[in-house]
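Visitor:
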């Protein structure tokens, strides 16, 4: 019997990235798509506790899917508890745009969905594809770059390795980032500190009142061994992520200060 | 000269919890309030990249504040980069409702704001107050429970200790949870796995179509040493949080599997 996969994302159920993952995974697994109905980038691990959630059966590209009126985290919860799926693996992506560094994984809806899954029990993999043109991240339809077989091959290879050898130990979520141009193999990496120099751009509306866009350039240099460095070298970055953000190294000092 | 604090939250700029923190902190620091204009609970570390952000000067309870039309993360970014504040400490809260366990800290806007601050440079403390009635978490105005001086005293004590002795080492964010009824002192804790048994409740609209509410009961038992356990014992939980979710224990196994 084929292993089962719950496939979700943050770009929405019609994203070319999701369907590229579907095409690759359906060769090796029974895949159920449960994804946000609309674009939900940068919502991190938001969860809908003030609004009820609707679930719609849809057909996309000739395949059945569930569209969830909510966040990526909601889609995972609906898949597990309303649809009662019991997947061997949750896959989130392929996101159009890399999800690298501490900063990005916590603001990413793609990684947010994977973290939610892991918190609920199933292990999870997040796939993201580097794009060199930042504007392209949010183009839609964005199927063009998804016709590149080498990208689907990475999804198939990572997941079939997991099905054969088991999910990596000491890991809750495996965060996979695929370079725009693949020049090397896999590199096991740690998270970089940040991917962008965060900042704001002030603009003025036609009435002369200011408003702000969050924006900032990419960081120039990345330390060797980090996810940012690996992807910039053209290697496929595999970062093991833990849900537990406790910093035990701080315990002794904190006790001295407060107890 | 007094130390400087950027004070934010996720319940919105008019929350009684924020102003309880303000009252406590203004005795020991120069406090600038930069907070979401409206309720933003459970948005985690969402960041507004599709919408421009407005900033409004407002007067609340007789004090000046900045209301940001965005998420808690946006409020921090606007405070640091549009208002060019350079605070000694970022404080987020006091949230009405505990933020305990892996699960809650990643879906919490209160902790999300603190994580964003720490990623940008300033160290940050998140304060949350346990409530026994889950519905009460989102009541507004909710100033009643904020007239309890013992809650403000915790904020003042934690922050004055940080100003005197420095921010705890090996920590990016200090996550402080105050029990509804304080029965003991501080306990340095690790994050529990979860606070709720996540699930969904199916209901039917007047037209017979289903919709879902995310909900679930609190977990019954909490391991000793965790944040959930400490707060249930009536102790003030101090959890040191790291931004780096890399799981280095997984490196060797992953390399064997993939490289």
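Residue numbers (my numbering), protein chains in the order written: chain L, 1 to 259; chain X, 260 to 518.
Ideal Cβ placement from N, Cα and C applies to all residues, glycine included.
Are the C-beta of residue 229/L and some C-beta of chain X separated by less than 8 angstroms?
Guide: Looking up residue 229/L in the first chain gives position 229. So, not an interface residue.
Visitor: Could you check which residue in 366/X, 289/X and 465/X has the C-alpha nearest to that of residue 345/X?
Guide: In the second chain, the residue the question calls residue 345/X occupies position 86. Of the listed residues, the one whose Cα sits closest to residue 345/X is 289/X.
Visitor: Across the stretch 231-243 of chain L and the stretch 336-344 of chain X, are there enough close Cβ pairs to call them in contact, namely three or more that are closer than 8 angstroms?
Guide: The answer is no - the stretch 336-344 of chain X does not touch the stretch 231-243 of chain L, with fewer than three Cβ pairs under 8 angstroms.
Visitor: Return the residues of the stretch 75-101 of chain L that lie within a Cβ-Cβ distance of less than 7 angstroms from chain X, sorted by chain order.
Guide: Within the stretch 75-101 of chain L, the qualifying residues are 77, 78, 81 and 82.
Visitor: Could you tell me whether the Cβ of residue 389/X comes closer than 8 angstroms to any Cβ of chain L?
Guide: Position 130 of the second chain, counting from 1, holds the residue named residue 389/X. Closer than 8 angstroms: no.
Visitor: Please classify residue 375/X as buried or exposed, where buried requires at least 16 neighbouring CB atoms within 10 angstroms.
Guide: On the second chain, residue 375/X is found 116 positions in, with the first residue counted as 1. Burial call: buried.
Visitor: Rounded to a whole number of angstroms, what is the C-alpha to C-alpha distance between residue 180/L and residue 157/L?
Guide: Here residue 180/L corresponds to residue number 180 of the first chain, with the count starting at 1. Here residue 157/L corresponds to residue number 157 of the first chain, with the count starting at 1. Going by the C-alpha atoms only, they are around 17 angstroms apart.
Visitor: On the DSSP letters alone, give me the boundaries of the alpha helix (DSSP H) that residue 334/X sits inside.
Guide: Indexing the second chain from 1 puts residue 334/X at position 75. Here the alpha helix (DSSP H) through residue 334/X covers 331-336.
Visitor: Run through DSSP, which three-state label would residue 80/L get?
Guide: Along the first chain, read from residue 1 onward, the residue named residue 80/L stands at position 80. If DSSP states are grouped into helix, strand and coil, residue 80/L belongs with the helices.
Visitor: Extract the residue ranges of the beta strand (DSSP E) inside the stretch 414-488 of chain X, only unbroken runs of 3 or more that lie entirely within it.
Guide: DSSP runs (the beta strand (DSSP E)) wholly in the stretch 414-488 of chain X: 432-437, 445-447, 458-463 and 469-474.
Visitor: What separation, rounded to the nearest whole angstrom, lies between the Cα atoms of residue 357/X and residue 384/X?
Guide: Locating residue 357/X in the second chain gives position 98, where the first residue counts as 1. Locating residue 384/X in the second chain gives position 125, where the first residue counts as 1. Each residue's alpha carbon lies about 14 angstroms from the other.
Visitor: Is it the case that the Cβ atoms of residue 94/L and residue 63/L are separated by a distance below 8 angstroms?
Guide: To locate residue 94/L, count along the first chain from 1; it is residue 94. To locate residue 63/L, count along the first chain from 1; it is residue 63. Result no, Cβ atoms of residue 94/L and residue 63/L do not sit closer than 8 angstroms.
Visitor: Between residue 218/L and residue 432/X, what straight-line distance do the alpha-carbon atoms span, to the nearest angstrom?
Guide: As a working note, residue 218/L is residue 218 in the first chain. As a working note, residue 432/X is residue 173 in the second chain. Going from the Cα of residue 218/L to the Cα of residue 432/X covers about 24 angstroms.
Visitor: When we look at the beta-carbon of residue 141/L and count the other beta-carbons within 10 Å, is it buried (16 or more) or exposed?
Guide: Counted from its first residue, the first chain places residue 141/L at position 141. Only weak support is given to the placement of residue 141/L: the predicted model assigns it a pLDDT of 46, under 50, and the value that follows is read from those uncertain coordinates. It is exposed - the Cβ of residue 141/L has fewer than 16 other Cβ atoms within 10 Å.
Visitor: Under a three-way DSSP split, which group does residue 9/L fall into?
Guide: As a first step, residue 9/L is located in the first chain; it is residue number 9 there, counting from the start. Correct three-state label for residue 9/L: coil.
Visitor: Please identify the residue among 242/L, 169/L and 32/L whose C-alpha is closest to the C-alpha of residue 506/X.
Guide: Numbered from its first residue, the second chain carries residue 506/X at position 247. The option with the nearest alpha carbon to residue 506/X is 242/L.
Visitor: Short of 7 angstroms Cβ to Cβ, which residues in the stretch 472-487 of chain X face chain L?
Guide: So the list reads 472 and 473, given in the order they occur along the chain.
Visitor: Using three-state DSSP, classify residue 352/X as helix, strand or coil.
Guide: Taking the first residue of the second chain as position 1, residue 352/X is located at position 93. Residue 352/X falls in the strand class under three-state DSSP.
Visitor: Give a yes or no on whether 8 angstroms exceeds the smallest Cβ distance from residue 127/L to chain X.
Guide: Within the first chain, the letter at position 127 stands for residue 127/L. No - not a single Cβ of chain X is within 8 angstroms of the one on residue 127/L.
Visitor: Consider the Cβ of residue 194/L: report whether some Cβ of chain X lies at a distance smaller than 8 angstroms.
Guide: If you number the first chain from 1, residue 194/L lands on position 194. Yes, contact with chain X.
Visitor: With distances taken Cα to Cα, identify the nearest neighbour of residue 422/X among 348/X, 379/X and 381/X.
Guide: If you number the second chain from 1, residue 422/X lands on position 163. Among 348/X, 379/X and 381/X, the Cα nearest to that of residue 422/X belongs to 348/X.
Visitor: Between residue 302/X and the rest of its own chain, which residues show a CB-CB distance below 6 angstroms, the 5 nearest in sequence each way excluded?
Guide: Locating residue 302/X in the second chain gives position 43, counting from the first residue. Excluding residues within five positions, the ones whose Cβ falls inside 6 angstroms are 330 and 368.
Visitor: By how many angstroms is the C-alpha of residue 200/L removed from the C-alpha of residue 133/L?
Guide: By one-based count along the first chain, residue 133/L stands at place 133. By one-based count along the first chain, residue 200/L stands at place 200. Each residue's Cα considered, the two are about 19 angstroms apart.
Visitor: Span of the beta strand (DSSP E) holding residue 302/X?
Guide: Counted from its first residue, the second chain places residue 302/X at position 43. Counting along the chain, residue 302/X falls outside any beta strand (DSSP E), and DSSP gives it neither H nor E.
Visitor: Give every residue of the same chain whose Cβ lies closer than 6 angstroms to the Cβ of residue 252/L, excluding the five residues on either side of it in the sequence, and list them in chain order.
Guide: Position 252 of the first chain, counted from the first residue, corresponds to residue 252/L. There are no such residues.
Visitor: Exposed or buried, what is residue 14/L when buried is set at 16 or more other beta-carbons lying within 10 Å of its beta-carbon?
Guide: Walking along the first chain from the start, residue 14/L turns up at place 14. Burial call: buried.
Visitor: Alpha carbon to alpha carbon, how far is residue 360/X from residue 488/X? Give it in angstroms, no decimals.
Guide: As a first step, residue 488/X is located in the second chain; it is residue number 229 there, counting from the start. As a first step, residue 360/X is located in the second chain; it is residue number 101 there, counting from the start. Rounded to the nearest angstrom, the two C-alpha atoms are 10 angstroms apart.
Visitor: Taking the alpha-carbon of residue 446/X as reference, which of 486/X, 457/X and 333/X has the nearest alpha-carbon?
Guide: The count along the second chain starts at 1 and reaches residue 446/X at position 187. Of the listed residues, the one whose Cα sits closest to residue 446/X is 486/X.
Visitor: Do three or more CB pairs link the stretch 275-284 of chain X to the stretch 206-226 of chain L at distances below 8 angstroms?
Guide: The answer is no - the stretch 206-226 of chain L does not touch the stretch 275-284 of chain X, with fewer than three Cβ pairs under 8 angstroms.
Visitor: If we ignore side chains and look at the alpha-carbon of each, how far apart do residue 33/L and residue 305/X end up?
Guide: Along the first chain, read from residue 1 onward, the residue named residue 33/L stands at position 33. Along the second chain, read from residue 1 onward, the residue named residue 305/X stands at position 46. For residue 33/L and residue 305/X, the distance between alpha carbons rounds to 23 angstroms.
Visitor: Under a Cβ-count criterion, where at least 16 other Cβ atoms within 10 Å of its own Cβ denotes burial, should residue 249/L be classed as buried or exposed?
Guide: Your numbering for residue 249/L matches position 249 in the first chain. Exposed, since its Cβ has fewer than 16 Cβ neighbours within 10 Å.
Visitor: Which residue wins for smallest C-alpha separation from residue 297/X, given the options 320/X, 309/X and 334/X?
Guide: Against the second chain, residue 297/X aligns to sequence position 38. With distances taken between Cα atoms, residue 297/X lies closest to 334/X.
Visitor: For the beta strand (DSSP E) that contains residue 363/X, what are its first and last residues?
Guide: Taking the first residue of the second chain as position 1, residue 363/X is located at position 104. Taken as a continuous stretch (DSSP letters only), residue 363/X belongs to no beta strand (DSSP E), being part of the alpha helix (DSSP H) at 360-366.
Visitor: List, in order along the chain, the chain L residues whose C-beta lies closer than 7 angstroms to that of residue 445/X?
Guide: Taking the first residue of the second chain as position 1, residue 445/X is located at position 186. Simply 258 and 259.
Visitor: Please classify residue 400/X: does DSSP put it in a helix, a strand, or coil?
Guide: One-based indexing of the second chain puts residue 400/X at position 141. Only weak support exists for where residue 400/X lies, its pLDDT of 47 falling under 50; the value from the coordinates is given anyway. Correct three-state label for residue 400/X: coil.
Visitor: For a test of the three-state rule: what should DSSP assign to residue 319/X, helix, strand or coil?
Guide: As a working mapping, residue 319/X is identified with position 60 in the second chain. The answer is strand: DSSP assigns residue 319/X an E or B state.
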